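Participant: Take a look at the following structure, please.
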Amino acid sequence: MPRVLVSDKLSTTAVQIFKDRGVEVDYLPDLGKDKDALLAKIADYDGLAIRSATKVTEKLIAAATNLKVIGRAGIGVDNVDIPAASRRGIIVMNTPFGNSITTAEHAIAMMFALARQIPEANASTHAGKWEKNRFMGVEITGKTLGIVGCGNIGSIVATRGVGLKMHVVAYDPFLSESRATELGVEKVELDELFHRADFITLHTPLTDKTRNIIDASAIAKMKDGVRIINCARGGLIVEKDLIAALKSGKVAGAGIDVFETEPATEHPLFGMENVVTTPHLGASTSEAQENVALQVAEQMSDYLIKGAVSNAINMPSITAEEAPRLKPFIKLAEVLGAFVGQVTEEPIKEVELLFDGATAAMNTRALISAALAGLIRPQVADVNMVSAPIMVKERGIMLSEVKRDKSGVFDGYIKLTVTTEKQTRSIAGTCFSDHKPRFIQIKGINLDAEVGQHMLYTTNPDAPGIIGLLGTICGKNNVNIANFQLGRNRPGGDAIALLYLDAPFPEDVLAELRANPKIVSAKPLKFDVAGV
Numbered sequence: 051m052p053r054v055l056v057s058d059k060l061s062t063t064a065v066q067i068f069k070d071r072g073v074e075v076d077y078l079p080d081l082g083k084d085k086d087a088l089l090a091k092i093a094d095y096d097g098l099a100i101r102s103a104t105k106v107t108e109k110l111i112a113a114a115t116n117l118k119v120i121g122r123a124g125i126g127v128d129n130v131d132i133p134a135a136s137r138r139g140i141i142v143m144n145t146p147f148g149n150s151i152t153t154a155e156h157a158i159a160m161m162f163a164l165a166r167q168i169p170e171a172n173a174s175t176h177a178g179k180w181e182k183n184r185f186m187g188v189e190i191t192g193k194t195l196g197i198v199g200c201g202n203i204g205s206i207v208a209t210r211g212v213g214l215k216m217h218v219v220a221y222d223p224f225l226s227e228s229r230a231t232e233l234g235v236e237k238v239e240l241d242e243l244f245h246r247a248d249f250i251t252l253h254t255p256l257t258d259k260t261r262n263i264i265d266a267s268a269i270a271k272m273k274d275g276v277r278i279i280n281c282a283r284g285g286l287i288v289e290k291d292l293i294a295a296l297k298s299g300k301v302a303g304a305g306i307d308v309f310e311t312e313p314a315t316e317h318p319l320f321g322m323e324n325v326v327t328t329p330h331l332g333a334s335t336s337e338a339q340e341n342v343a344l345q346v347a348e349q350m351s352d353y354l355i356k357g358a359v360s361n362a363i364n365m366p367s368i369t370a371e372e373a374p375r376l377k378p379f380i381k382l383a384e385v386l387g388a389f390v391g392q393v394t395e396e397p398i399k400e401v402e403l404l405f406d407g408a409t410a411a412m413n414t415r416a417l418i419s420a421a422l423a424g425l426i427r428p429q430v431a432d433v434n435m436v437s438a439p440i441m442v443k444e445r446g447i448m449l450s451e452v453k454r455d456k457s458g459v460f461d462g463y464i465k466l467t468v469t470t471e472k473q474t475r476s477i478a479g480t481c482f483s484d485h486k487p488r489f490i491q492i493k494g495i496n497l498d499a500e501v502g503q504h505m506l507y508t509t510n511p512d513a514p515g516i517i518g519l520l521g522t523i524c525g526k527n528n529v530n531i532a533n534f535q536l537g538r539n540r541p542g543g544d545a546i547a548l549l550y551l552d553a554p555f556p557e558d559v560l561a562e563l564r565a566n567p568k569i570v571s572a573k574p575l576k577f578d579v580a581g582v
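Heads up: the sequence shown begins at 51 in the numbering used here, then just goes up one per residue.
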């Protein structure tokens, strides 16, 4: 039974979900605040469920020898060292949809608060003053709302803005024209958004490209009297530049829910009359807290029990519905990669994966990850589907993918081609109705070979006597052959043999085989066929 540690405060309903799904769970909501105690316990768990208090550092990941998945109840994963987790093959999940509405509503609330100076007017009225003329606001209707980042949350803000009769412009490199039309927004470049917007709201993750996206130069491009809202991530705005613009009047107001350093108990923005601040409340509603907790429990349980991957930061998603159908082809992709990885000794320059027929309609990102894991595993034993793409990228290996309609007798197959300085090597395979992977082509030579745990691959010129030679050497050395497949590209050309064995091929017998002048090469192979 897999074990999960919940090291931050999470709904008790979420804890029950783990139990109901067959996952053993330890609920220790204060453990995440104690780095040393968490470090001492983490090796005992397959999964770690967190919110923002637990800091999953490289040191913690190194100690988490059994950890397979980290689940963040919420969107932001700033407190997780994702590269370190990926290198160790640990899936990092978040719950990007559970608090989308809540965060979007907070941004809209900030906009109203700035437009009508509600916090300051509230404080003044509570103090017994009646400063009606002091708090002159602006209308929302007819104004231009600029949205930086039109993903899950930004798109919700966009629809709310349209409903308020605002003109909405959006900047997002991944926003298609059709999606913009569907939302009722105008897609623009960032500088145009700065130039036109009366209100600017940020809804983008913090990356190297978005860090400090609003600085002094950006503010200079904006309208005089613009109002800026950030309910996304601290670090998107250069705070000292914003403060200067607020003091000069260039920026009429700012609604800030997130800060560069949190918790922010002291800050130059505090006390400024034209600033509304909240303590990172974007996701702080009872509905959102419950939603993200339930979602992370369901996602982690589905992965640990069924192998389904949802909302992973560092791995392609695999739904619970497609997992059973995809599983045989993931194994196929893995053994194709393992074959090439075991017979290739020189550095790999390029990898191409061809998906033909039915496989082209599958989750090819997952299949690619599996193939790369098999390819690298002969050199790096603990690689998996999470870490393999990272390692391929770090090694500078070019990766390409080709999809095409059915082109042969098989409903669908996968072909892996690897290029080195010396040669190009390819192998293709498919799964039949028994869901077992089979090799159907090696070096362009057609065959039909069942995949076994122990195999022997030989190459030779097409000539009489090879079957007898292999059979004789194996027979006299008590090596039992479970299956035997031959193939050639043309009469008298290149030929191959693939033997499925009951046990590993002995080294002394391998030496005898390699010494025979009829054999060009002989390579013992091993495949993980567990569950096949």
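Quick reminder that beta carbons are idealized off the backbone N, C-alpha and C, glycines included. Keep in mind that this is a model prediction, so the values were computed, not measured.
Measure how close the beta-carbons of isoleucine 92 and alanine 113 come, nearest whole angstrom, since I'm counting them as under 8 angstroms.
Facilitator: Yes, isoleucine 92 and alanine 113 are in contact; Cβ-Cβ is about 5 angstroms, under 8 angstroms.
Participant: Helix, strand or coil, according to DSSP, for methionine 505 in the structure here?
Facilitator: The answer is strand: DSSP assigns methionine 505 an E or B state.
Participant: Decide yes or no for the touch test of the segment 366–377 against the segment 385–400: beta carbon pairs closer than 8 angstroms, at least 3 of them.
Facilitator: Cβ pair count under 8 angstroms is below three, so no.
Participant: What's the call for histidine 253, buried or exposed, on a 16-neighbour Cβ count within 10 Å?
Facilitator: Histidine 253 should be labelled buried.
Participant: Do the CB positions of serine 267 and leucine 233 come within less than 9 angstroms of each other?
Facilitator: Not in contact: serine 267 and leucine 233 (Cβ atoms no closer than 9 angstroms).
Participant: Using CA atoms only, rank isn't needed, just tell me which of Pro313, Asp274 and Pro318 is closest to valine 288.
Facilitator: When only C-alpha atoms are compared, the closest one is Pro318.
Participant: Which of helix, strand or coil does DSSP assign to glutamate 74?
Facilitator: In this structure, glutamate 74 counts as strand in the three-state DSSP scheme.
Participant: With DSSP collapsed to three states, give me the class of serine 102.
Facilitator: DSSP places serine 102 in coil when its eight states are reduced to three.
Participant: Grouping DSSP H, G and I as helix and E and B as strand, with all else coil, what is valine 430?
Facilitator: Reduced to three states, the DSSP call for valine 430 is coil.
Participant: Alanine 383 and isoleucine 464 look like a contact to me (Cβ under 8 angstroms); what is the Cβ gap, rounded to whole Å?
Facilitator: That belief holds up - the Cβ atoms of alanine 383 and isoleucine 464 are roughly 6 angstroms apart, short of 8 angstroms.
Participant: Just list the residues that DSSP pairs phenylalanine 162 with in beta bridges.
Facilitator: For phenylalanine 162, which the question treats as bridged, DSSP gives no partner whatsoever.
Participant: Please classify threonine 145: does DSSP put it in a helix, a strand, or coil?
Facilitator: Note: threonine 145 maps to coil in three-state DSSP.
Participant: Helix, strand or coil for proline 223 per DSSP?
Facilitator: Coil at proline 223, not helix or strand.
Participant: Compare the C-alpha of isoleucine 418 against each of Asp265, Arg445, Leu376 and Lys179 and name the closest.
Facilitator: Checked all of Asp265, Arg445, Leu376 and Lys179; the closest Cα to isoleucine 418 is Leu376.
Participant: Assign glycine 196 to one of two classes, buried (16 or more other C-beta atoms within 10 Å of its C-beta) or exposed (fewer than that).
Facilitator: Buried: at least 16 other Cβ atoms inside 10 Å.
Participant: Lysine 573 bridges to which residues according to DSSP?
Facilitator: Tyr507, per the DSSP bridge assignment.
Participant: Which one of Ser571, Gln167, Val75 and Cys200 has the shortest CA to CA distance from leucine 240?
Facilitator: When only C-alpha atoms are compared, the closest one is Cys200.
Participant: Let's test the definition: count the other Cβ atoms within 10 Å of the Cβ of arginine 283 and tell me whether it reaches 16, buried, or not, exposed.
Facilitator: Buried, because 16 or more other Cβ atoms sit within 10 Å of the Cβ of arginine 283.
Participant: Are there three or more Cβ pairs, one per stretch, closer than 8 angstroms when the segment 507–517 is compared with the segment 536–554?
Facilitator: Yes, they touch.
Participant: CB-CB under 6 angstroms to asparagine 527, same chain, minus the five flanking residues each way: which ones, in chain order?
Facilitator: Once the five neighbours on either side are set aside, the close Cβ partners of asparagine 527 are Val559.
Participant: Looking at the strands, I want to know which residues DSSP matches up with aspartate 406.
Facilitator: In the DSSP output, where bridge partners are listed per residue, aspartate 406 has Arg454 and Tyr463.
Participant: In terms of residues, what are the limits of the beta strand (DSSP E) holding threonine 194?
Facilitator: Its beta strand (DSSP E) spans residues 194–198.
Participant: Given this structure, state the Cα-to-Cα distance separating alanine 532 from leucine 386, to the nearest angstrom.
Facilitator: Distance between the alpha carbons of alanine 532 and leucine 386 is about 20 angstroms.
Participant: In chain order, what are the residue ranges of uninterrupted alpha helix (DSSP H) at least 4 long that sit wholly in the segment 480–505?
Facilitator: Here no run is fully enclosed.
Participant: Is histidine 330 helix, strand or coil when you go by DSSP?
Facilitator: Histidine 330 falls in the coil class under three-state DSSP.
Participant: In the DSSP assignment, find the unbroken beta strand (DSSP E) run with tyrosine 550 in it and report its ends.
Facilitator: 544–551 is the span of the beta strand (DSSP E), which, as asked, contains tyrosine 550.
Participant: First and last residue of the beta strand (DSSP E) that includes glutamine 535?
Facilitator: Its beta strand (DSSP E) spans residues 531–538.
Participant: Is it buried or exposed for asparagine 116, if we count other Cβ within 10 angstroms and need 16 for buried?
Facilitator: Exposed is the call here.
Participant: With three or more C-beta pairs closer than 8 angstroms as the rule, is the segment 262–282 touching the segment 221–228?
Facilitator: In short, these stretches do not touch, since the Cβ pair count stays below three.
Participant: Since alanine 338 and glycine 148 are thought to touch, with beta carbons under 8 angstroms apart, how far apart are those beta carbons, to the nearest angstrom?
Facilitator: Confirmed, about 6 angstroms.
Participant: Using DSSP with H/G/I as helix, E/B as strand and the rest coil, what is valine 276?
Facilitator: Valine 276: strand per DSSP, three-state reduction.
Participant: Using the Cβ count rule (16 or more neighbours within 10 Å means buried), how would you classify phenylalanine 555?
Facilitator: The residue is buried, with at least 16 neighbouring Cβ atoms inside 10 Å.
Participant: Closest by CA to phenylalanine 405, which one among Lys193, Leu466 and Met448?
Facilitator: For phenylalanine 405, the nearest C-alpha among the options comes from Leu466.
Participant: In chain order, what residues of the same chain lie with their CB nearer than 6 angstroms to the CB of leucine 243, ignoring the 5 residues before and after it?
Facilitator: Contacts found: Gly196, Val219 and Tyr221.
Participant: Is valine 198 closer than 9 angstroms to threonine 251 when the C-beta atoms are compared?
Facilitator: Yes; because the gap between Cβ atoms is below 9 angstroms, this pair is in contact.
Participant: Name the two residues that bound the continuous alpha helix (DSSP H) containing alanine 134.
Facilitator: Counting along the chain, the alpha helix (DSSP H) containing alanine 134 begins and ends at 132–137.
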